[in-house]
Structures are given as C-alpha cells and as structure tokens.
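Encoded as structure tokens, the structure appears first; notes follow it.
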Amino acid sequence: MSGANINGVGSSINGRSTNINGVGSSINGTGAKINGVGLSINGTGANINGIGSSINGVGAKINGVGSSINGVGAKINGVGSSINGRSANINGRAAVTR
Numbered sequence: 001m002s003g004a005n006i007n008g009v010g011s012s013i014n015g016r017s018t019n020i021n022g023v024g025s026s027i028n029g030t031g032a033k034i035n036g037v038g039l040s041i042n043g044t045g046a047n048i049n050g051i052g053s054s055i056n057g058v059g060a061k062i063n064g065v066g067s068s069i070n071g072v073g074a075k076i077n078g079v080g081s082s083i084n085g086r087s088a089n090i091n092g093r094a095a096v097t098r
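By full-length UniProt numbering, the letter at position 57 of the sequence shown is numbered 57, and the numbering carries on one by one without gaps.
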C-alpha cells in the first residue's frame, strides 16, 4: 500500500491511492475513494461521495447512489446502476446497461 487511509473504517489493500473518510474497503484501486460508503475494487478512477460499489470501473463515480460495475466512462450525480456501460450517466435517474 502506497496511499493513505485517513479516518477510514475498513481496509485499503494494494491501493496506490487515498481512502479518506471512507466506510468500506479500497482494494487494488489506483484512484481516490473520498467520503464513499461501500467498496472500490480494482477501480482506476475516483469514487467521491458515492454510496454503493465501484467495481472494475475505469472512470469516475461522483455523488452517485448505486453501483458502477465494469463501466468505462463517468457516472456523475446518477441515481441507479451503470453496468458494463461504455458511456456516461450524468444526472440520470435510470440505469445504463450497455
């Protein structure tokens, strides 16, 4: 681990990034998990103020409620899930599934 775990409840494992005020685990993440409740696993972007999981996601999950799984792109202020999506879900309340 070459990043910081600050005020975090949970583990930062093999993460080259920061876990700040996070409840949950940051595992193999190369981005930041800030004020996030849930898991950031193998993510190469940021999980900021997100409630839910970011798993294998390339891009940002910012202020999102729900999960970003295997998504390439950004999930910003989205309510719902982005699963295997290659585009952005911005301020959207529905799921992007492809």
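Where is the CB? At the ideal position from N, CA and C, for every residue including glycine. Model, not experiment: these values are computed from the prediction.
Closest residue to residue i among the options (Cα-Cα distance)
{"i": "N42", "options": "S81, K33 and N49", "result": "K33"}
{"i": "G64", "options": "N70, G36 and N21", "result": "G36"}
{"i": "N49", "options": "I76, N91 and G80", "result": "I76"}
Coil, strand or helix - residue i by DSSP
{"i": "N77", "result": "coil"}
{"i": "N91", "result": "coil"}
{"i": "M1", "result": "Legend: pLDDT at M1 = 46, less than 50; position of this residue unreliable, no value from coordinates given."}
Straight-line gap, residue i to residue j (C-alpha atoms, nearest Å)
{"i": "S68", "j": "N19", "result": "18 angstroms"}
{"i": "N89", "j": "N56", "result": "16 angstroms"}
{"i": "N84", "j": "N21", "result": "28 angstroms"}
{"i": "G52", "j": "G73", "result": "17 angstroms"}
{"i": "N47", "j": "G66", "result": "12 angstroms"}
{"i": "K61", "j": "N91", "result": "12 angstroms"}
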